[in-house]
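One line per chain: the protein sequences are B and W, in this order. Per numbering that gives the first Met the number 0: the first sequence = residues 0 to 264. Per numbering that gives the first Met the number 0: the second sequence = residues 0 to 305. Note that CB positions come from ideal geometry on N, CA and C, so glycine has one too. Note that this is a predicted model, so its numbers are computed, not measured. Reading through the C-alpha cells given below for one structure.
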Amino acid sequence: MGISGACRDLTILSVTPAGPVGGQYGCYYLEFDNPGLAAAVAGQFVMVRPACFGSDPVWPRPFSICRLTPDRLTLFVQACGRGTDVLCRLKPGDAVTVWGPLGQGFGLEPDVPTVMLAGGVGIAPFVEYAATHPAPHNLALVFGHRQPLSCYPFSELSQVVARAEAFEEKTPDDLPRFIALLEKTVAEYAGGLIVACGPRPFLMTVARLARRFGARAQVSLENRMACGVGGCLGCVEKNVLGQYVQTCTEGPVFWVEELSLSEDA
Amino acid sequence: MSADTSVRLPGMHAKNPVMTASGTFGYGMEFAPYGDLRGLGGIVVKGLSLLPRTGNPMPRIAETPCGMLNAIGLQNCGVEVFLRDKLPRLPFTETPIVANLYACDADEFAELAGVLSAAEGVAALEVNISCPNVKAGGIAFGQDPAMAGKLTEAVKKRAGDKPVWVKLSPNVTDIVGVARAAVLGGADVLTCINTLTGMAVDIRSRRPRLANVIGGLSGPAIKPVALRCVWQVCQAVSAPVIGVGGISSAEDVLEFILVGAHAVQIGTANFMRPDMAFRIAERLPALMDELGIKNLDAYRGTLAAG
Numbered sequence: 000m001g002i003s004g005a006c007r008d009l010t011i012l013s014v015t016p017a018g019p020v021g022g023q024y025g026c027y028y029l030e031f032d033n034p035g036l037a038a039a040v041a042g043q044f045v046m047v048r049p050a051c052f053g054s055d056p057v058w059p060r061p062f063s064i065c066r067l068t069p070d071r072l073t074l075f076v077q078a079c080g081r082g083t084d085v086l087c088r089l090k091p092g093d094a095v096t097v098w099g100p101l102g103q104g105f106g107l108e109p110d111v112p113t114v115m116l117a118g119g120v121g122i123a124p125f126v127e128y129a130a131t132h133p134a135p136h137n138l139a140l141v142f143g144h145r146q147p148l149s150c151y152p153f154s155e156l157s158q159v160v161a162r163a164e165a166f167e168e169k170t171p172d173d174l175p176r177f178i179a180l181l182e183k184t185v186a187e188y189a190g191g192l193i194v195a196c197g198p199r200p201f202l203m204t205v206a207r208l209a210r211r212f213g214a215r216a217q218v219s220l221e222n223r224m225a226c227g228v229g230g231c232l233g234c235v236e237k238n239v240l241g242q243y244v245q246t247c248t249e250g251p252v253f254w255v256e257e258l259s260l261s262e263d264a
Numbered sequence: 000m001s002a003d004t005s006v007r008l009p010g011m012h013a014k015n016p017v018m019t020a021s022g023t024f025g026y027g028m029e030f031a032p033y034g035d036l037r038g039l040g041g042i043v044v045k046g047l048s049l050l051p052r053t054g055n056p057m058p059r060i061a062e063t064p065c066g067m068l069n070a071i072g073l074q075n076c077g078v079e080v081f082l083r084d085k086l087p088r089l090p091f092t093e094t095p096i097v098a099n100l101y102a103c104d105a106d107e108f109a110e111l112a113g114v115l116s117a118a119e120g121v122a123a124l125e126v127n128i129s130c131p132n133v134k135a136g137g138i139a140f141g142q143d144p145a146m147a148g149k150l151t152e153a154v155k156k157r158a159g160d161k162p163v164w165v166k167l168s169p170n171v172t173d174i175v176g177v178a179r180a181a182v183l184g185g186a187d188v189l190t191c192i193n194t195l196t197g198m199a200v201d202i203r204s205r206r207p208r209l210a211n212v213i214g215g216l217s218g219p220a221i222k223p224v225a226l227r228c229v230w231q232v233c234q235a236v237s238a239p240v241i242g243v244g245g246i247s248s249a250e251d252v253l254e255f256i257l258v259g260a261h262a263v264q265i266g267t268a269n270f271m272r273p274d275m276a277f278r279i280a281e282r283l284p285a286l287m288d289e290l291g292i293k294n295l296d297a298y299r300g301t302l303a304a305g
C-alpha cells in the first residue's frame, strides 16, 4: 500500500575480517544478497541499520558502496564507534535494513589519466571505481594507511590498476613524507583527474594541493549524517558561495572548487 | 473489518493520525521514494522564514543515548521558494500540508502568516514559539505565557481561514500555563512538544559536540516527557492536541491518543528509516483491530488514571 519497498529488509550473508583484527580496531567486509539495488555510480553510498539497533543508536550508518554486483552488495567497514562495532559483530542471518544507492558518485572519464587518492577506510569506494572503470590502465592508486596493509582491499586493487603505491603512517613524523607524496602525485595528475576519499584533514590537503596545481579533483566527504536522504540538514558542507549544501544529496562527492573546505566547515 | 483511523481537526480532515514533524521530513518530496505521501495523515514541512536562512555552522547534529541533539539553525529556502518550487509538487489535495513558521519577532511572524494565508495547498500554520524573540532580548516566545498568547493572537489575525497550530516548548516550568495562553490567543490546535534543550561534550578534545554548543534533544529518549506534557495539556484545555516526541511505532501512537492527543507527529524516527512514518500509518489499523479499537474517538483520552 503506502510503503514503496525502497528500504530493503535484508539478512546479512557474511562478516569477514579484512586482515588481522583485535586490539582497538579492525576492518571487515559485510556482504548481502543484492536485493535489486539499482546499478550504482562508484562513490554513491547506502544507509544501513541493523534491526538490533532498536532505539539505540537512533541513526542508521552511511557507507560508500565497496562493490555492487548483480547478486552481491559488499561494504567495507572499520569498527571504530558504537554503530560500526555492532555492525561488525553481526552474524549471518541477522536482519539489516539497507537503502540506496544515495548521493552523487565520482566522475568517470575513461580516457583521462586518473589517480585515486585514498586514506584508510576511504579506500572502499575505489574498489567499485576500479571495477567499473572501462580503462583501468588509465588508473593509479596512492593509498595512505595506519593499520597493516592486509587490513585493506589494497592488493586486489593493485591487480586491477596500472600503478598502486601504499604509504604506511607509523608515527606522526611520517605525515610530512606522505604529504610530499601527495604533492608529487597531484602535480603529476594536474592535467588528469583526481578522485579522493578519506578523513577530512587528508581531503583538505588534497584540495589545497589541487588548487595550487590547478588540478581537477573530486573529494568524497564523510560528514556525519542522520537521515542520508536530505531530510535533516545535519550533514551540510559550506560551498564557495558561503551556502550550506547537503552532503547526502548533493555529495558526498564534490568538485574541490565547489567547496570552501575550511577547518570550521 | 478494519478500524477507522480518521481524525477531524479544525478545518481539516486527516485519513489517519500519523503526521510528520517539522524539520524531520524535509519539504516532503525527499521522502517520496520511500512511500506514498498520500498515505500520511499530514505533512508538516521544514520551518519556514520570510527570507532564506543559512543555518548554523557544523557540526549540527550529535547522537546521544536513544536520541540525538540538533542545532540546524532553521536553515530553509524561505517562504517564497517553498510556495513556488516545493508546495506544488506535494499531494496537497489529498494530504494536509502544514507550514511551520519561524521568525524573530511578532511582526515578522504576522507577515509570514499573511503570506501563507493566501496559499492554496497550505492546510494549517504551525507556529514555532520556541524561537527567541529578538525584540524581547532573545527569550523564547514559548517560555512566557503572555508573550506566547500575544504572538498567537498576532498570527491568528493574519492567518485568514487557516487553522493556527502552536507548537509548545517543553523547556518551561509550567507547560499548561503556556498552553492556556496560546488557546486564549486563538490557537486552534496545540502541538506538544518541541525538542528539549541539551548538550553533549567531548572529554578528549574538550569541545562541545555541536558548534552551537546547545541543541534540541529528540528521539525515543524524550517520549516520556512528551507523553507527560500531552497528558497535562489535554487535561487543561479543550483545543485538540497533536503529540510529538520519540514516537517510533504504532504502539507509541496509541499511547499518545490514550492520554488525549488527536493526532501525532513522527520526528526523529524518520531518520531511523525513511519509510518509518508510512510503516506506522500502515500498521496502525491492524493494531487497533488487535486491541478492539473501532475508531480513535472511542479510545482518545480514556486513560484510567488515579
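The C-beta distance from W/P273 to W/Y33 rounds to 4 Å, short enough to meet the 8 Å contact threshold. By the Cβ criterion, the segment 113-126 of chain W is in contact with the segment 147-159 of chain W, since at least three pairs of Cβ atoms, one from each stretch, lie closer than 8 Å. Within the segment 181-244 of chain B, the runs of alpha helix (DSSP H) at least 4 residues long that lie entirely inside it are, in chain order, 199-212. Pairing W/S237 with W/G300, the inter-Cα distance amounts to about 12 Å. In this structure, W/Q264 keeps its C-beta atom at 8 Å or more from the C-beta atom of W/T194.
W/C228: member of the alpha helix (DSSP H) spanning 222-235, first to last residue.
Contact fails between the segment 80-100 of chain B and the segment 236-253 of chain B, because fewer than three Cβ pairs, one in each stretch, are under 8 Å apart.
A residue is called buried once 16 or more other Cβ atoms fall within 10 Å of its Cβ, and B/C51, having fewer, is exposed. Residue contact check for B/L9 against chain W: no CB pair falls below 8 Å.
Residues of chain W with a Cβ closer than 7 Å to the Cβ of B/Q242 are, in chain order, T53.
Comparing alpha carbon positions, the residue from B/G106, B/F153, B/F142 closest to B/P133 is B/G106. Residue-level contact check: B/A214 does not touch chain W, since none of the beta carbons of chain W fall below 8 Å from its beta carbon.
Assigned with DSSP and collapsed to three states, W/F81 falls in helix. Secondary structure at W/V252: helix, using DSSP grouped into helix, strand and coil. Interface flag for W/M271 against chain B is set, since a Cβ pair is found closer than 8 Å.
For the segment 226-239 of chain B, the residues whose beta carbon sits under 9 Å from a beta carbon of chain W are, in order, C226, G227, V228, G229, G230, C231, L232, G233, C234, V235, E236, K237. Interface criterion met: the Cβ of W/E281 is under 8 Å from a Cβ in chain B. The beta-carbon of B/R48 is placed less than 8 Å from the nearest beta-carbon of chain W. Here the alpha carbons of W/L111 and W/D296 stand approximately 34 Å from one another. Cβ-Cβ distances below 7 Å link B/V45 to F62, I64, V97, W98, G99, P100, L101 in the same chain, with the five nearest sequence neighbours on each side left out; the list follows chain order. For B/I11, the secondary structure class from DSSP, reduced to helix, strand or coil, is strand.
Listed along the chain, the chain B residues whose CB falls inside 8 Å of the CB of W/Q74 are L232, V235, Y243.
With a minimum length of 4 residues, the unbroken runs of alpha helix (DSSP H) contained wholly in the segment 42-117 of chain B fall at 81-86.
Chain B has a Cβ within less than 8 Å of the Cβ of W/Y33.
Nearest neighbour of B/F201 by Cα position, chosen from B/G230, B/P109, B/L116, B/C26, turns out to be B/L116.
Taking 9 Å as the cut-off between beta carbons, the residues of the segment 88-105 of chain B near chain W are T96, W98, in sequence order. Here W/I213 is exposed: its Cβ has fewer than 16 other Cβ atoms, across all protein chains shown, within 10 Å.
Ranked by Cα distance from W/L115, the options W/N211, W/N75, W/L86, W/G218 are led by W/L86. Along the segment 217-240 of chain W, going in chain order, the ones with a CB nearer than 7 Å to a CB of chain B are G218, P219.
Per the coordinates, the alpha-carbon of W/A199 lies some 25 Å from the alpha-carbon of W/R52.
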